[in-house]
Every structure is written in C-alpha cells, then in structure tokens.
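What follows is a short report on a single structure.
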Amino acid sequence: MDQLIFGAEVFLNGLMTGVMYSLVALGFVLIFKASGVFNYAQGVLALFAALTLVGIQQGQVPFAHLINAAFGTSLHHFGWTVPSILAIALTVLVMVVLAFLIEKLVLQHLVGQEPIILFMATIGLAYFLEGLGDVMWGADIKTLDVGLPQGISDGIESITAGWFGYGFFIDRLDIWATVIAALLVAALVAFSQYTKQGRAMRAVADDHQAALSVGISLRFIWVMVWSIAGFVALVAGIMWGTKSGVQFSLSLIALKALPVLMLGGFTSIPGAIVGGLIIGVGEKMFEFIVGPMVGGATETWFAYVLALIFLVFRPQGLFGERIIERV
Amino acid sequence: MIYREAGDFKTSYRDDSQTFPIRLDRWGYYAILAVAFGIIPFVINDYWANAVLVPFLIYAIAALGLNILTGYAGQVSLGTGGFMAVGAYAVYKLMTAFPDISILIHILLAGGVTAVVGVLFGLPSLRIKGFYLAVATLAAQFFLIWLFNKVPWFYNYSASGQITAPERTVLGHAVTGPATSAPAKYLVCLVMAFLLAWLARNLTRGMLGRKWMAIRDMDIAAEIIGVDPLRAKLSAFAVSSFFIGIAGALLFAVYLGAAEAGEAFGINKSFLVLFMIIIGGLGSIFGSFAGAAFMVLMPVLLKNLLVGTLGWPTDLAAHIELMIVGGLIVAFLIVEPHGLARLWRLTKEKLRLWPFPH
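Protein chains in written order, with our numbering: chain A, 102 to 428; chain B, 151 to 508.
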C-alpha cells in the first residue's frame, strides 16, 4: 500500500516534470511548423533568456567580464535592481531582437538548404548563444526569483494526508508551471486560429511558396515565430531557472525535449504536451520501479531509448503527420 | 604551370585510376608521409605530442569514421562519444584480461567490438531517417555512458570508477601507461591513422562507397536500382563504428591514460567530431583531417592568443572559444557547406589553370 501511494506521488511529480519538458518542446514545434527548421538551440535560448532576465533584474553590466579583461576596469553592477515585470518585458525585447538577428544573419542565407544542414546550423547557433550568454552575464550559477510561489503546497499535503494518511509533496512552483503552460498553449492556439498573423503563420507552415504567392512575407513570419519561440523559451527558462537555478544544465533540457518531440510528433502542439507528460511520468516511474534494480540514474537515457523504440514502430510519432516519401 | 595532368602519361588502367592522378599531388603526398614518418618522430617533444599531434591524429580517425557514416552514407549520428567509449572500455577489458597479447591487436579488436555495437544501434536507421535518426543515436550516447558508469564489471570494480591504462609495449617501447615517450605515442597513432585513412579512401571509392553514396543521395531511388539498404546502411554503421572505436581506444589508452566515461566521452565529444566533419567537409577524406586539425589547433591558438598574449582569464577565453566555434559552424554552413575540403578543391582547380585562367 505504501509503495502504491509513493508510486502515485512519483506519478504526479512526473506529470509536473513533463509539463516542464512540454514547455521547451512547444518552442521546437512552433519553429518547426513555421519554418521547417529543427531548432536545436531552443534549450540554449531558454538558458540565454533566463540569464538575461537575471542579469537585467540584478542590474549586471553586460559583457562586464570581457570589458574588465580588455580594459583593466572592474565593472560589475550598475547598482540598481529592476522590478520583475519590467525585467521580463525587457528580456522579451531582447529575445525579439535576437530573433530578428537570427533571421537576418543565419536563416535568410540558408533558405532552400536541406533540413539536416539547417539542423546543424542550429547546433552551431546553440554553441554561439551559450558562449554569448556566458560572456555577457558570466557563467556562475544564478538564482532566479520573479516572485513565483515556491515550496511545498500545504493545501495538497493536508488534503492527501486526510485521504491516505500520507501527505503528498508537490511543489507549488510545479502547479504554477502547469497553469502557466496551459494558459500559454491556449493563447498560442487562439493566436494561430483567430488572428491574421496566426493564419499567415499556418499558411507558411503549410506551404512556403503558396504563402509567398498570396503576399505573405516569409521573413516577417519567421521573425515572429522565432520571437514567439523566444518568449516560450523565456517562460521555460523562468520555470526551470526558479526550480534549479540558472546554469548550463538548463540547456541540456533541450536534449530531453527531443525525445518528447519524437514521441509526440514534430508538427503537433498537443503532441508536444502529451509527449512531455509521457516522458516525464515514464522516466520517473521507471526510475522508481526499475531504477533501484539497475543502479539508478536511469533518467539520463530512458527518454531517448523510449523514443527510439517507439519510433521503430511509428516513425511519425503519436500525432505527427504521416511521412510520405516520393522518388 | 606545373600543377596539371598534361605531360603525365598514364599507360595502364591502374595508373589511370590511382588516388592522386596529378603528379604534384602524388609528390606532395609522399613528401607529407616522409615528413610524418621520417622527421617528426625524431624532433617531437611532449608539448607538441600532447597538445597538437596526438589528439589531431586520434580525432582524425574519429572524424574519418563519422564522415563515412554521415558524409558518405548520409546517416547523421550524435552517438560518436558513446561509441568512442565502447572502444575505450573494450580495449581496457582486453588489455587487462589478456596482458600477453599485443596492444595493437587489442586496439583492432576494440574497433571490432564497437562495430558490433554500432550495427546494433544502427538497426533503427532502417526505419527512421534524418534528424529522427540523429535523436535516436542520442539514445546510444546516453545509454552507453550510463552503462559504463553503472556496471562495475566494465571498470574492473576499481574504487574510483575510472579506467586506467596499464603499461603495454610494442617492440620493446612502451606505448601506453605513464612511461610512454612522445615519439612512441605519436607513431602508434600515426600508423593507425595512416592505415585507416588508406582503408577509408579505398572503401569509399569502391563498390561499397558508391552504394553508401547512392543511399545518401536518395535511399528509395538507390533501393530501386538494386542497392540493398539494409546491407549498405548497416555496413556504414559497422565501418564507421570500427574507426570510431579505434579512435576511442587510442584516446583512452595512448593519449589520456585514464578516463571516466561521462567526462571523457560525453555528448560534447559527439558534437566536437560532428563539427570537425562539417568544417572539414562532409564526404571527404582530406576534409576529415583538415577538420580535425582545425578543431584541435584553434583552441590551442586561441588560448595562446587570449590567455598567453593578452592575459585574459581562462574561463573567458573558453566562452569566447564557444562563440567562435558556433559562429564558424554557422558561417561554414552558409558560405561553404562542403567545408575546407571544397575550398582546397577550388584552389586546385584554380591552380590547374594558373597562370592563364580563361
């Protein structure tokens, strides 16, 4: 019985982790649908967004390290702190500028290249952004606090304690993350269904050339999509950053989002959510049940192996569009 | 003026299909071999061996392997680090289990073990393609590293979880272990790199290589003209893993001496080798060497420049290196998707017409 209750708790925690994965995966899907680019840099984008947010919030001097090294000065902080809301707004602005630059400097020159070349270009982009983030804001682990509630949720603990005689440990942050993720998905769906720009985005996703021929600006759409992906990355970065500090390992979540996508299908927003939940629950349950038998730490590979096995049977993922090949 | 085919008469089919049809190329090739085998071993010191030449040769082997899989057969793999770990642990187990057999045989056997593992993880490539496969190979990367960390048998139950290469000799000279001299390290790696490059070059221009390229260019069309995708893809995985396994074995036994799976063969190693073949040139033997040289030399030069000359802190230099590597990858993909090898080829085309271009 105890095992069962523990299991249920692990299950719930897995769901919450899954929501986090879904958030990163969502950014991938958006970009993939609109531009056919498989954006490996999404995770680093989240790291970069979180670093920028912390930097702005705490009034760090950007490139302080570099300037100090080059000119022998000792700059560190401007000496002010910026309120969270303003800092978030400024970070969004930075992400939009970044999206514009990426489109201008990278994507524009790679139009019509094979998808795998674009994929490798985003790996390069990921390295660049990782270096840039470190040079701009320093590589030390930072704590991020934008006023989201944290710590154990007393309500759930006392209710479950009443039911089972054992209080579930669920982080309030995870609950908030779930709510915010749900809102974000709802907003994205509404945006792509009911606004002019959203329809244009779907048109581009469907067929680049046809979209061009009816007068949709591809460049504008791409900048917009990358900005949205940057915004989603910021949300993911805030959640992960608040949970475990802003550090390099944040960008490794991007790697975890890959099997999530493969499971859910690259082109489906609900797929990203469901895939994230399956991976989140799956890896926690696997670690809980099988982990102790094989020495633990199975979380590092479980998601990939699951996706690999799954793909062999259904290459397009759960909700992906059927892959049709013609010679 | 002198760099052209004119005047170099081929009188047999053999002459006509040789690897270097232009006389100057041939001479250049022999000259490089003469310097590599005849001069460098006598002048090499520890710094040059450890910082530049030995890692260059080892990574060149790994890049050759990945280039066979990705550049020639078109199967993108992000599992290189994992396969190198297989080579390293295989050679470690063989070295400690059969101390009397020559280390060179162990290294080759380690390549064979890696080939088997590679084929195993290559099986899904028959169903999935492109970056789906790339992500699937991540499964190999993470699973293998986890396996080597968690199963004590692989590291002989050592307390630190590390593997350490015991001393083994070839012709009376130590090639592994702490007492190894720089020329010995260099020569072992050089011989391996030379033989494997020769093998790769001849495999890729033979029937097998043509099958790989047919699969790369369009697998369905290749299948229709009679290339068996099962055998072509799996043979690419096997040969590629063989090379990568040898590179991993050399990296551990000769270069590092001691290794821990997650640290020495992590995901970064996979990307490093992938970057080498992108910068060097996909589908090119020369490109594998050029890319490896570039990626080994650049950090050394950058470190000398930023830390040595300008006196900047090392962590800042490391971050700037990341930016430069990333920027270069993107720049190469935009400007010259075929890498350094293509630039070299263009130079040679120009040279043929020089000094009278039309």
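A virtual CB, placed ideally from N, CA and C, is assigned to each residue, including glycine.
With 16 other Cβ atoms within 10 Å as the buried cut-off, status of residue i
i: Gln158/A; result: buried
i: Met363/A; result: buried
i: Phe298/B; result: buried
i: Lys243/A; result: buried
i: Thr326/B; result: buried
i: Ala135/A; result: buried
i: Gln312/B; result: exposed
i: Ser318/A; result: exposed
i: Glu388/A; result: buried
i: Ile375/B; result: exposed
i: Arg217/B; result: Residue 217/B is actually Asn in this sequence, not Arg. Label assigned to Asn217/B: buried.
i: Lys357/A; result: buried
Residue i to residue j span [Cα, whole Å]
i: Ala240/A; j: Thr182/A; result: 20 Å
i: Phe139/A; j: Leu407/A; result: 20 Å
i: Ser310/B; j: Met394/A; result: 21 Å
i: Phe149/B; j: Phe393/B; result: Nothing about residue 149/B can be read from this structure; chain B reaches only from 151 to 508.
i: Lys335/B; j: Ile435/B; result: 23 Å
i: Ser385/B; j: Trp296/B; result: 26 Å
i: Gln104/A; j: Gly128/A; result: 36 Å
i: Leu146/A; j: Ala165/A; result: 21 Å
i: Lys205/A; j: Glu499/B; result: 33 Å
i: Pro463/B; j: Met426/B; result: 26 Å
i: Leu335/A; j: Ile374/A; result: 17 Å
i: Ala200/A; j: Gly144/A; result: 15 Å
i: Ala240/B; j: Leu113/A; result: 41 Å
i: Gln417/A; j: Gly366/A; result: 6 Å
i: Ile281/A; j: Met325/A; result: 21 Å
i: Leu456/B; j: Val475/B; result: 15 Å
i: Gly178/B; j: Ile172/B; result: 10 Å
i: Arg303/A; j: Gly359/B; result: 42 Å
i: Pro316/B; j: Ala238/B; result: 13 Å
i: Pro184/A; j: Leu274/A; result: 20 Å
Three-state class that DSSP yields for residue i in the structure shown
i: Lys243/A; result: strand
i: Asp272/A; result: strand
i: Ile322/A; result: helix
i: Thr153/A; result: helix
i: His256/B; result: helix
i: Thr319/B; result: strand
i: Ala324/B; result: strand
i: Ile251/B; result: coil
i: Ala398/A; result: coil
i: Val195/A; result: helix
i: Thr314/B; result: strand
i: His178/A; result: strand
i: Gln143/A; result: helix
i: Ala408/B; result: strand
Residue from the options whose Cα sits closest to the Cα of residue i
i: Gly430/B; options: Ala210/B, Phe159/B, Ala199/B and Gln168/B; result: Ala210/B
i: Leu513/B; options: Leu174/B, Arg381/B and Phe192/B; result: Shown here, chain B extends from 151 to 508; a query on residue 513/B therefore has no answer.
i: Leu245/A; options: His166/A, Ala188/A and Gln104/A; result: Ala188/A
i: Pro163/A; options: Leu233/A, Val207/A, Gln348/A and Ile339/A; result: Leu233/A
i: Pro449/B; options: Gly398/B, Gln225/B, Ala408/B and Val202/B; result: Val202/B
i: Trp277/A; options: Asp307/A, Gly331/A, Pro416/A and Thr118/A; result: Thr118/A
i: Ser275/B; options: Gly418/A, Leu412/A and Leu419/A; result: Leu412/A
i: Tyr405/A; options: Glu384/A, Phe220/A, Arg423/A and Ser314/A; result: Glu384/A
i: Gly356/B; options: Arg173/B, Trp198/B, Tyr222/B and Ala184/B; result: Tyr222/B
i: Tyr242/B; options: Leu447/B, Arg318/B and Trp494/B; result: Arg318/B
i: Trp348/B; options: Ala332/B, Leu183/B and Met363/B; result: Leu183/B
i: Leu351/A; options: Val333/A, Val120/A and Ala151/A; result: Ala151/A
i: Met237/A; options: Phe149/A, Gly365/A and Val333/A; result: Phe149/A
i: Asn130/B; options: Phe187/B, Glu155/B and Leu214/B; result: Because chain B in this structure spans residues 151 to 508, residue 130/B falls outside the shown range and cannot be described.
i: Ala156/B; options: Pro507/B, Leu503/B and His508/B; result: Leu503/B
i: Arg277/B; options: Ile410/A, Ala288/A and Val361/A; result: Ile410/A
i: Ala190/A; options: Ala291/A, Leu154/A and Gln161/A; result: Leu154/A
i: Phe133/A; options: Pro360/A, Phe220/A and Ala312/A; result: Phe220/A
Near the ligand SAH: residue i beta-carbon under 7 Å from a heavy atom
i: Val301/B; result: As for the ligand SAH, it is missing from this structure, which has no ligand bound.
Amino acids of chain E, ordered along the chain, whose beta-carbon sits closer than 8 Å to that of residue i
i: Ile218/A; result: No chain E appears in this structure, whose protein chains are A and B.
Report yes or no: do three or more beta-carbon pairs, one from the segment 225 to 245 of chain B and one from the segment 285 to 301 of chain B, lie closer than 8 Å?
Contact between the segment 225 to 245 of chain B and the segment 285 to 301 of chain B is present, with at least three C-beta pairs closer than 8 Å.
Would you call the segment 411 to 429 of chain B in contact with the segment 184 to 200 of chain B, where contact means no fewer than 3 C-beta pairs closer than 8 Å?
Contact between the segment 411 to 429 of chain B and the segment 184 to 200 of chain B is absent, with fewer than three C-beta pairs closer than 8 Å.
Check whether the segment 203 to 218 of chain A and the segment 274 to 282 of chain B are in contact - that is, three or more C-beta pairs closer than 8 Å.
Contact holds: three or more Cβ-Cβ distances are below 8 Å.
Check whether the segment 299 to 306 of chain B and the segment 160 to 168 of chain B are in contact - that is, three or more C-beta pairs closer than 8 Å.
Segments in contact, no.
Taking contact to mean at least 3 C-beta pairs separated by less than 8 Å, is the segment 475 to 483 of chain B in contact with the segment 218 to 228 of chain A?
Verdict: yes, contact present.
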